[in-house]
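The block underneath contains the structure these notes are about, expressed in structure tokens.
There are 2 protein chains.
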Amino acid sequence: MKKIKVGVVGYGTIGKRVADAVMLQEDMELVGVTAHSYNYRILAAQEKKIALYATDDGEHLKEHGITIAGSIRDLLKKVDIIVDTTPKKIGKENKEKYYLPGKVKAIFQGGEKADVAEISFTAQVNYPKAVNSDYIRVVSCNTTGLARTLYEVHKKFGIAEVNATMIRRGADPWDIRHGPINAIVPVLELPSHHGPDVQTVLPDVRIFTTALSVSTTLMHVHTLIVDCVKTPSVHDTIEVFRKATRIRVLDNASKVRSTAEIMELARDLERSRGDMPEIVVWKEAIGVNGNKLLYMQAVHQESDVICENIDAIRAAMGFPDAKKSIEMTNKALEIDKWAGDSEWVCE
Amino acid sequence: MKKIKVGVVGYGTIGKRVADAVMLQEDMELVGVTAHSYNYRILAAQEKKIALYATDDGEHLKEHGITIAGSIRDLLKKVDIIVDTTPKKIGKENKEKYYLPGKVKAIFQGGEKADVAEISFTAQVNYPKAVNSDYIRVVSCNTTGLARTLYEVHKKFGIAEVNATMIRRGADPWDIRHGPINAIVPVLELPSHHGPDVQTVLPDVRIFTTALSVSTTLMHVHTLIVDCVKTPSVHDTIEVFRKATRIRVLDNASKVRSTAEIMELARDLERSRGDMPEIVVWKEAIGVNGNKLLYMQAVHQESDVICENIDAIRAAMGFPDAKKSIEMTNKALEIDKWAGDSEWVCE
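Just so you know, the protein sequences line up as chains A and B, in that order. Using the working numbering, the letters of the first sequence correspond one by one to residues 1 to 347. Using the working numbering, the letters of the second sequence correspond one by one to residues 348 to 694.
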């Protein structure tokens, strides 16, 4: 089998994880990643023997003892596809500067506007539509979390309307520049951008979202109120979520009562970097009020989209089978493994 | 080679790490750990095939589908040595209730008073004195951090007196009950207990300590002012720390400017649970003022004592060679690996 040759442009929170995930896929080969400025991430990449391609002349990096394999243009010539994980708007610039003229396929992240790509993507929702696309946009961590669970609810009960609030982490764990450290910051526009963004993946779901940021770095939490077409039940909702991929039902009985304990469980399970790529729904926070289904879910902003990028690579390269791709990705990244093996997470 | 049979009593932050570390040693065998109440840690232990011994009748655990291998008394009969990682004062109770009557050797943690054991222990300082002890006390995370670097400074320059302040994390990352979340809390006793505790390991070092707690979960930070006998230099201090085991010099140039970035580096290095067992000294925060040596160091409270427990097991069991034990432990736990291989952490 000829392996898919992948390059990663941008080597931050998402890029470094995508690079590691690509290396774990049997059908993929990581050609290299781009290095922008000297820092500990680049040092760790060098220790992992990942080839580094400079976004400029690379002199700054060489001064610090970093070995440079070439320029970003050299990288482009060697790959079948790029995963662009640069900050928002840079992805679009890179598309025009590099990927279109170089005739290279690319995966973009949710920070870019939807029109950067032919399709906005969540694997379990719309993989078949993305097959053979040149440009795919993996939606943001929050949108991915909403799309995964709402898709399952929509299939089971039918959705008349969703009202959801995103309680967002203030900054990522490594980030010492951003806040808040002691305030709650509402997003002062309605709806927040998340609702319209969900509709790029689930166009027939009516959804209205609000958002605010709080003083935590670990995970986002969503509270959802879903007006269903059929009357929902707590039992059926738990079953639907348990059987779905990339969703994990955890419970108070096992003392997983907070985002802190979810992250600690991920560490105890020896997850790479302590990541929890599954969307976590708290069993005891699933409720029904008439036709309204209520639930709360936690989203690990650093990792939930990594598996989506891997599936997006396969889709863009023409691999036709969504279920098979998701299974391959999940196996390599140990997603759903513990729940799937023993169903211990929820009796 | 006959393996040392180890049991772990208490399965929290330290116990679960000690259990994993024991399983990684070629000369040790983990017989099992004790389980107290049902929670996600016990579930993760069961998934790892670790034998669980109940501290009571175990009915509560069995109700949740946990398999119990026996009682704590059954565990005691099967082991050569116990590592007791229970909360403070419980270790002493366990000694009187179980270990003394059962004639079982035991390692205690720094939460116990020094008189629980024959010796208070930091491997690189006083391993030889601990050989063949029945009871050894591994000092606390903060005391371990102070003992490691001060021992090196004492050997190089001689210490006349130390004044140090511990800026302590408010709670561990998984802990949702304790604080502060928005205050700085001084320890209102002088000296704080850390100074006298350092003297249980370094009896001839004069040290006066103060402490306060802040709103973070990641690591402790110490600021130290060391009055030296010989005039110290920044260059020699960096060299001493770089060459010492279990101390890591990191720098601003590689953007490791905070405890947050140290923890992120540990994740990028694929450390188990994202741990950083080495004491981290910031290169740019090492200074000299006359005969005073100033430095700042970060202590990962969850992990720095784990390697000490492993060495304490070997010492108690009569393994005579301190250097060899430290090397075996470091290799199994990948301590010093990255710095030692390439010295990339400090040019």
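Glycine residues also receive a C-beta, built at the ideal position from the N, C-alpha and C atoms.
*Can the beta-carbon of M28/A be found closer than 8 Å to that of V9/A?*
Contact: no.
*When burial is assigned at 16 or more other CB atoms within 10 Å of the CB, is V49/A buried or exposed?*
Position check: residue 49/A holds Lys in this sequence, whereas Val was assumed. That one is exposed.
*Of all the beta strand (DSSP E) runs that stay within the bounds of the segment 559–619 of chain B, which reach a length of 3 or more residues?*
Here the runs fully enclosed are 567–575 and 594–597.
_Where T13/A falls: helix, strand or coil (DSSP)_ = In the three-state reduction of the DSSP assignment, T13/A falls in the helix class.
_E354/A: contacting residues in chain B (beta-carbon distance under 8 Å)_ = Absent from the structure is residue 354/A, since the part of chain A shown begins at 1 and ends at 347.
*Along chain A, in chain order, which residues have C-beta atoms closer than 8 Å to that of I523/B?*
Those are R257, S258, A260 and E261, listed as they occur along chain A.
*Could you check if P351/A is buried or exposed, using at least 16 other CB atoms within 10 Å of its CB as the buried criterion?*
Absent from the structure is residue 351/A, since the part of chain A shown begins at 1 and ends at 347.
*Is the segment 56–65 of chain A close to the segment 78–95 of chain A, with three or more CB pairs under 8 Å?*
The segment 56–65 of chain A is not in contact with the segment 78–95 of chain A.
_Let's test the definition: count the other Cβ atoms within 10 Å of the Cβ of R177/A and tell me whether it reaches 16, buried, or not, exposed._
Exposed, because fewer than 16 other Cβ atoms sit within 10 Å of the Cβ of R177/A.
*asked:* Let me confirm a value: K602/B is counted as buried when at least 16 other C-beta atoms fall within 10 Å, else exposed. Which label applies?
replied: Buried, since its Cβ has 16 or more Cβ neighbours within 10 Å.
*Exposed or buried, what is Q582/B when buried is set at 16 or more other beta-carbons lying within 10 Å of its beta-carbon?*
Rather than Gln, the amino acid found at residue 582/B in this sequence is His. Counting Cβ neighbours within 10 Å, H582/B comes out exposed, since fewer than 16 surround it.
*Going by DSSP, which residues form a beta bridge with W629/B?*
L597/B, per the DSSP bridge assignment.
_Rounded C-alpha distance that separates L52/A from T563/B_ = Note on geometry: alpha-carbon atoms of L52/A and T563/B lie some 34 Å from one another.
*So with Cβ pairs under 8 Å, would you call R267/A a contact of chain B?*
Yes, its Cβ sits closer than 8 Å to a Cβ of chain B.
*May I ask you to list the residues that DSSP assigns as paired with Q297/A?*
Note: Q297/A sits in a beta bridge opposite H222/A and V281/A.
_Checking the sheet assignment: what are the DSSP bridge partners for P533/B?_
The secondary-structure analysis by DSSP pairs P533/B across a beta bridge with L559/B.
_Spatially closest choice to K452/B from R614/B, E611/B, K639/B and A663/B, by CA coordinates_ = Answer by Cα proximity: A663/B.
_Tell me which residue opens and which closes the beta strand (DSSP E) that T165/A is part of._
Run containing T165/A: I159 to R169, per the beta strand (DSSP E) assignment.
*Would you identify the three-state DSSP class for K62/A, choosing helix, strand or coil?*
The DSSP-derived three-state label of K62/A is helix.
*asked:* By the 8 Å beta-carbon criterion, what residues does the segment 47–71 of chain A contribute toward chain B?
replied: When C-beta distances to chain B are compared with 8 Å, the residues of the segment 47–71 of chain A below that value are E47, H64 and G65, in chain order.
_Could you pull the DSSP bridge partners for D431/B from this structure?_
DSSP links D431/B through a beta bridge to V356/B.
_Which residues in chain A have a C-beta closer than 7 Å to the C-beta of N386/B? List them in chain order._
Neighbours of N386/B across chain A, judged by C-beta separation under 7 Å: S254 and K255.
*In the DSSP assignment, find the beta strand (DSSP E) that holds V288/A and state where it starts and stops.*
Segment G287 to N289, the beta strand (DSSP E) holding V288/A.
*Among the residues of its own chain, which have a CB less than 6 Å from the CB of K450/B, if the five just before and after it don't count?*
Excluding residues within five positions, none has a Cβ falling inside 6 Å.
*Hey, how far is the Cα of S672/B from the Cα of I454/B?*
S672/B and I454/B have their alpha carbons spaced roughly 16 Å apart.
*Going along the chain, which residues of its own chain have a beta-carbon closer than 8 Å to the beta-carbon of W344/A, five neighbours each way excluded?*
Note that W344/A scores a pLDDT of 43, beneath 50, so its modelled location is shaky; the value from the coordinates is reported in the next line. Setting aside the 5 residues that flank it on each side, W344/A is surrounded in the same chain by W338, each with a C-beta closer than 8 Å to its C-beta; the list follows chain order.
*Can at least three beta-carbon pairs, one atom from the segment 304–323 of chain A and one from the segment 361–377 of chain B, be found at a separation below 8 Å?*
Contact fails between the segment 304–323 of chain A and the segment 361–377 of chain B, because fewer than three Cβ pairs, one in each stretch, are under 8 Å apart.
*If you draw a straight line from the C-alpha of M276/A to the C-alpha of S213/A, how long is it?*
C-alpha separation (whole angstroms): 20 Å.
_Rounding to the nearest angstrom, what Cα-Cα distance links P203/A and A19/A in this structure?_
Computed Cα separation, rounded: 31 Å.
_Between W282/A and chain B, is the shortest Cβ-Cβ distance under 8 Å, so that the two count as touching?_
No, its Cβ sits nowhere closer than 8 Å to a Cβ of chain B.
*For K243/A, decide whether its Cβ has a neighbour in chain B, counting only Cβ atoms nearer than 8 Å.*
Taking CB atoms only, K243/A has no neighbour in chain B less than 8 Å away.
*Please classify G65/A: is it buried, with 16 or more other beta-carbons within 10 angstroms of its beta-carbon, or exposed?*
With fewer than 16 other Cβ atoms within 10 Å, it is exposed.
*Could you check what DSSP says for R420/B in three-state terms: helix, strand or coil?*
If DSSP states are grouped into helix, strand and coil, R420/B belongs with the helices.
_Element boundaries [alpha helix (DSSP H), containing E29/A]_ = DSSP places E29/A in no alpha helix (DSSP H) but in the uninterrupted beta strand (DSSP E) bounded by M28 to A35.
*In angstroms, rounded to a whole number, what distance separates the CA positions of G15/A and K3/A?*
One alpha carbon belongs to G15/A, the other to K3/A, and they sit about 20 Å apart.
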